[in-house]
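Position 475 of the sequence shown, counted from 1, bears residue number 515 in my numbering, the numbering being contiguous throughout. Each remark here refers to the structure printed beneath this line.
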Amino acid sequence: MAERQSYLIIGNGIAGVTAAEVLRNEDAAAEITVVADDPFPVYYRPALKDYLGGKIREDKLWARPISFYQNRRIGFLHDRVVGIQVGRHCVQLRSGKTIGYSRLLLAHGARSRTLTCSGSDLTGVSSLRTVADYQKVLQRLNSVRRVVVVGGGTLALESIETLRHRGFQVTHLLHRRALWSDVLDATASDLVLQQEKHDGVDIRYEQEVLEIVGRNGQVSGVITTTGAHIPCEMVLLGIGIEPNIDFVQSAGIACGRGVKVDAAMRTNVPDIYAAGDLIETTDPLTGRTRLPGQWYPSIQQARAAAYSMLDLLDARQQLRFGNFYNATFMYGLDFASVGITNVPQNGKGYQEIVADPLARTYQKAVLKDGIAVGMLALGDRKHVLTFKRAVDAAVDLSPVASRLFAPDFKFSEWLDRQGVPGPILGVSRKEAVAVKKVAYAGVGSSSAQIRQVDGSTSVLLRKPGPEEPLAPTQPIGTGAIPSIAVPKNTPTLIALLPGKPETFLLEQGKRYVLGRDKGSQIVLADMSVSRKHAEIVADMDGFYVHDLASSNGIQVNHTRISSPYRLSDGDTITIGNVSLYFVDWSDRINPVGQTLDKQEATIPPLSKDCPRCGAKSNRMARFCPRCGIPL
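Below you can see the structure in the form of structure tokens.
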């Protein structure tokens, strides 16, 4: 009998939680332990701006419930790792205990960079990174009128925008004349800064904090390196991160600014892996190292690390650190990028192709020797995933370079004709199943078929037979349901409205209000639906649905939800009398590793029968609703 594996994860952030989830899904018998000095479940960092803006409550920030580890039989220790004994395969804890491991994942993240100047310890100085940071900010806002924000990253920008919209005077200090220079070029940076200025932000270029001054222990102003004095009651810092690598380096694990890993997330030490904010990545084309520090890359790194720890990572689709898709909003502008967005100095063979200028819109593609290597988009990002296809497949765009942004050029269709596969949005498991089993409200014991042909997926929903009653909330009507085409690699919501199924393609980084109101992004014309009933937040971590204080609430797979729920492929959402079916076909291969082609799957019932009395109940129910026996 094979020895039972023991997996140890250091860190309770999105990387650690994601890895623990994958490990448990793949190995039901393994011993999995998470050690972290933060007892709270992972928080949803992209939502911190909405928390600061008063749009969501604190309890909506948690990306996993407090019972996450217990429900999955994952051990959790509230402690801090202070050392790794590589030869003994164990770690030392601050409490004096030691824990052994078969394989170890370092996912304990990074800390915010701070200022070391005089006054940096005054009340009113805060970093912008954690829930605790934003709690401190919110607690002081009632006594604040003027705020200085230092830094040019996304958290700094989001906080500036939110504070301006709440009526605060904001001064923005920039070390250089540009924002987020790792990603934005000068034109894109200027476009965002124009938005800031238009909104009344006082931007100070090429200035740093020399001293923070105060009265009675409270911030009263900032003196900059140019000698300027800026009165304020709060100073917020978004000046980058420092990976937590102290005890890692002392164990002999190779580090630069962060932990060095290969494409399988392995460190230089056997059986030790790393993922998330504490790693540094190297772009294979430019050789430039950077600290990603981003939500979606952390999730993909964690998945890759977990599959590697299980010896299940598909080597044909390993992480490409230079090709990550990154999407967000930058001062009200849709933003997305992939690959190289700034041409290296003295970079030979590079070519930038810029779209014709439009108001509040900027698009640029980057080629190297004709090969697609990156794209940057502000204001309109709908073509970035198409460009990612070209970047992932290293397509030579020389023949169409002059037409890439022409209004009549169908870039996606051109790639189809060249046989270019879809964009790579994540890593794969070896011998992954062709399709996941999916659930469909109202099918009962019947089945439906899902086929994928020529790059699209058809979901064939049929009317139940006479012995297959519809679920109470199912409004399908009496006619047969036609097949519904779902584009490959595009997450889709299917609304099963009476006699008229509708599909809605979901884009990462966007928000969708679901409701009866005609101004909703997804209109559900049924009187059982509130005007603004629910919202789907489509961020890089996935797709979360939550209630908007509606009359009838929301159910997912027949279970009412009270907090944001992360949707998985095949989930059925019930809103009033309307059922919606979530399909996410991205990143699927069949058992022999080939792209899905004419694969079929049977949709299982959402209900199950009691073996004693025959009563039907929710497939997730633990006890029969009629006779009470365990199911």
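Beta carbons are placed, not taken as given, at the ideal position from N, Cα and C, and that holds for glycine. None of the values given here were measured: they were computed from a predicted structure.
Handout entry: Identified DSSP bridge partners for Leu536
Key = To locate residue 536, count along the sequence shown from 1; it is residue 496. In the DSSP output, where bridge partners are listed per residue, Leu536 has Pro541, Ser619.
Handout entry: CB contact below 8 Å: Leu88 versus chain C
Key = You won't find chain C in this structure, because it holds only one protein chain.
Problem - Whole beta strand (DSSP E) elements within the stretch 360-388, 3-residue minimum - result: 365-370, 373-379
Exercise for the section: Identify which residue in Pro397, Gly56, Asp323 has its Cα closest to the Cα of Pro447. Expected result: Along the sequence shown, one-based indexing puts residue 447 at 407. Checked all of Pro397, Gly56, Asp323; the closest Cα to Pro447 is Pro397.
Exercise for the section: Answer yes or no: do Thr307 and Ala315 have a C-beta to C-beta separation smaller than 8 Å? Expected result: Here residue 307 corresponds to residue number 267 of the sequence shown, with the count starting at 1. Here residue 315 corresponds to residue number 275 of the sequence shown, with the count starting at 1. Going by C-beta atoms, Thr307 is not nearer than 8 Å to Ala315.
Practice task
Drop a sphere of 10 angstroms on the beta-carbon of Phe449, count the other beta-carbons inside from all chains shown, and report buried for 16 or more, exposed for fewer.
Solution key: Start at 1 with the first residue of the sequence shown, and residue 449 comes out as number 409. Phe449 comes out exposed.
Problem - Cβ contact check for the stretch 144-153 and the stretch 230-250: 3 or more pairs under 8 Å - result: no
Exercise for the section: Excluding the 5 residues preceding and the 5 following Asp420 in the sequence, name in chain order all residues of the same chain whose CB lies nearer than 7 Å to its CB. Expected result: The residue you call residue 420 lines up with position 380 of the sequence shown. Once the five neighbours on either side are set aside, the close Cβ partners of Asp420 are Asp374, Thr401, Gln403.
Problem - Extent of the continuous alpha helix (DSSP H) run through Lys89 - result: Along the sequence shown, one-based indexing puts residue 89 at 49. Lys89 -> alpha helix (DSSP H) spans 88-92.
Problem - C-alpha gap between Leu195 and Leu88, whole angstroms - result: Here residue 195 corresponds to residue number 155 of the sequence shown, with the count starting at 1. Here residue 88 corresponds to residue number 48 of the sequence shown, with the count starting at 1. So the alpha carbons of these two residues sit roughly 9 Å apart.
Practice task
Locate the beta strand (DSSP E) running through Gln258, then write down its first and last residues.
Solution key: Your numbering for residue 258 matches position 218 in the sequence shown. Where Gln258 is concerned, the enclosing beta strand (DSSP E) stretches over 258-264.
Handout entry: Close-in-space but distant-in-sequence residues of the same chain around Ala229 (CB under 6 Å, 5 per side omitted)
Key = If you number the sequence shown from 1, residue 229 lands on position 189. Note on identity: in this sequence residue 229 is Ser, with Ala being the wrong assignment. Excluding residues within five positions, the ones whose Cβ falls inside 6 Å are Ala218, Leu219.
Exercise for the section: Measure the CB-CB distance between Phe544 and Leu533 and report whether it falls below 8 Å. Expected result: Taking the first residue of the sequence shown as position 1, residue 544 is located at position 504. Taking the first residue of the sequence shown as position 1, residue 533 is located at position 493. Contact: yes.
Problem - Contact the stretch 178-192 vs the stretch 272-283: 3+ CB pairs below 8 Å - result: yes
Problem - Beta-carbon proximity list for Ser135, same chain, < 7 Å, skipping 5 on both sides - result: Here residue 135 refers to the residue found at position 95 when the sequence shown is read from its first residue. Closer than 7 Å at the Cβ level, and outside the excluded window around Ser135, lie Asp119.
Problem - Outcome for Asp432 when other beta-carbon atoms lying within 10 angstroms are tallied against a minimum of 16 - result: As a first step, residue 432 is located in the sequence shown; it is residue number 392 there, counting from the start. Asp432 should be labelled buried.
Problem - First and last residue of the uninterrupted alpha helix (DSSP H) at Asp173 - result: Start at 1 with the first residue of the sequence shown, and residue 173 comes out as number 133. Unbroken alpha helix (DSSP H) run through Asp173: 171-180.
Exercise for the section: Taking 8 Å as the threshold, find out whether the stretch 56-71 comes into contact with the stretch 331-346 through three or more Cβ pairs. Expected result: yes
Practice task
Evaluate contact between the stretch 581-597 and the stretch 565-573, counting only Cβ atoms and requiring at least three cross-stretch pairs below 8 Å.
Solution key: yes
Problem - Alpha-carbon spacing of Ala367 relative to Lys428, whole angstroms - result: Against the sequence shown, residue 367 aligns to sequence position 327. Against the sequence shown, residue 428 aligns to sequence position 388. Near 12 Å, if we compare the C-alpha coordinates of Lys428 and Ala367.
Exercise for the section: Can you grab the Cα-Cα spacing for the pair Pro631 / Gly616, in whole Å? Expected result: Position 591 of the sequence shown, counted from the start, is the residue given in the question as residue 631. Position 576 of the sequence shown, counted from the start, is the residue given in the question as residue 616. Unreliable positioning characterises Pro631 in this predicted model, as indicated by a pLDDT of 30, which lies under 50. The coordinate reading is nonetheless provided below. Using only the alpha carbons, I get a separation of about 39 Å.
Practice task
Could you work out which residue in Tyr336, Gly372, Ile380, Lys408 is closest to Lys388 when comparing CA atoms only?
Solution key: The residue labelled residue 388 in the question sits at position 348 within the sequence shown. Checked all of Tyr336, Gly372, Ile380, Lys408; the closest Cα to Lys388 is Lys408.
Handout entry: Nearest-angstrom Cα separation, counted from Cys272 out to Pro463
Key = Here residue 463 refers to the residue found at position 423 when the sequence shown is read from its first residue. Here residue 272 refers to the residue found at position 232 when the sequence shown is read from its first residue. Approximately 46 Å between the Cα atoms of the pair.
Exercise for the section: In angstroms with no decimal places, state the Cα-to-Cα distance between Asp456 and Leu444. Expected result: As a position in the sequence shown, residue 456 is number 416, starting the count at 1. As a position in the sequence shown, residue 444 is number 404, starting the count at 1. The alpha-carbon atoms of Asp456 and Leu444 are separated by roughly 15 Å.
Practice task
May I have the straight-line CA-CA distance separating Ser94 from Gln175, to the nearest angstrom?
Solution key: As a first step, residue 94 is located in the sequence shown; it is residue number 54 there, counting from the start. As a first step, residue 175 is located in the sequence shown; it is residue number 135 there, counting from the start. Correcting the residue identity first, residue 94 is Gly in this sequence and not Ser. Distance between the alpha carbons of Gly94 and Gln175: 12 Å.
Problem - Segment contact flag, the stretch 103-121 with the stretch 205-224, C-beta cutoff 8 Å, min 3 pairs - result: no
Practice task
Tell me, please, which residues DSSP counts as bridged to Lys300.
Solution key: Locating residue 300 in the sequence shown gives position 260, where the first residue counts as 1. Lys300 pairs with Glu320.
Practice task
Could you check the C-alpha separation between Asn284 and Val75 for me, to the nearest Å?
Solution key: Numbered from 1 along the sequence shown, position 244 holds the residue referred to as residue 284. Numbered from 1 along the sequence shown, position 35 holds the residue referred to as residue 75. Whole-angstrom Cα-Cα distance: 15 Å.
Handout entry: Alpha carbon of Gly159 to alpha carbon of Thr265, nearest angstrom
Key = Here residue 159 is taken as the residue at index 119 of the sequence shown, counted from 1. Here residue 265 is taken as the residue at index 225 of the sequence shown, counted from 1. Going from the Cα of Gly159 to the Cα of Thr265 covers about 15 Å.
Practice task
Would you kindly check if the distance between the Cβ of Gly140 and the Cβ of Cys130 is under 8 Å?
Solution key: Within the sequence shown, the letter at position 90 stands for residue 130. Within the sequence shown, the letter at position 100 stands for residue 140. It is a contact, given that the beta carbons lie within the stated cut-off.
Practice task
Buried or exposed for Ser338, please, with buried defined as at least 16 other CB atoms from any protein chain shown within 10 angstroms of its CB.
Solution key: As a first step, residue 338 must be located in the sequence shown, where it is residue number 298. Buried, because 16 or more other Cβ atoms sit within 10 Å of the Cβ of Ser338.
Exercise for the section: Indicate the three-state DSSP secondary structure (helix, strand or coil) for Gly56 in the structure shown. Expected result: As a first step, residue 56 must be located in the sequence shown, where it is residue number 16. If DSSP states are grouped into helix, strand and coil, Gly56 belongs with the helices.
Practice task
Report yes if the CB atom of Gln341 is closer than 8 Å to the CB atom of Ala103, and no otherwise.
Solution key: In the sequence shown, the residue the question calls residue 341 occupies position 301. In the sequence shown, the residue the question calls residue 103 occupies position 63. No, the pair does not count as a contact, with Cβ atoms beyond the cut-off.
Practice task
Identify every residue that forms a DSSP beta bridge with Tyr313.
Solution key: As a first step, residue 313 must be located in the sequence shown, where it is residue number 273. Tyr313 is bridged to Leu145, Arg306.
Problem - Beta-bridge partners of Tyr402, as assigned by DSSP - result: Looking up residue 402 in the sequence shown gives position 362. Paired residues: Leu418.
Problem - Unbroken beta strand (DSSP E) run spanning Met349, endpoints - result: Your numbering for residue 349 matches position 309 in the sequence shown. Counting along the chain, Met349 falls outside any beta strand (DSSP E), though it belongs to the alpha helix (DSSP H) covering 335-349.
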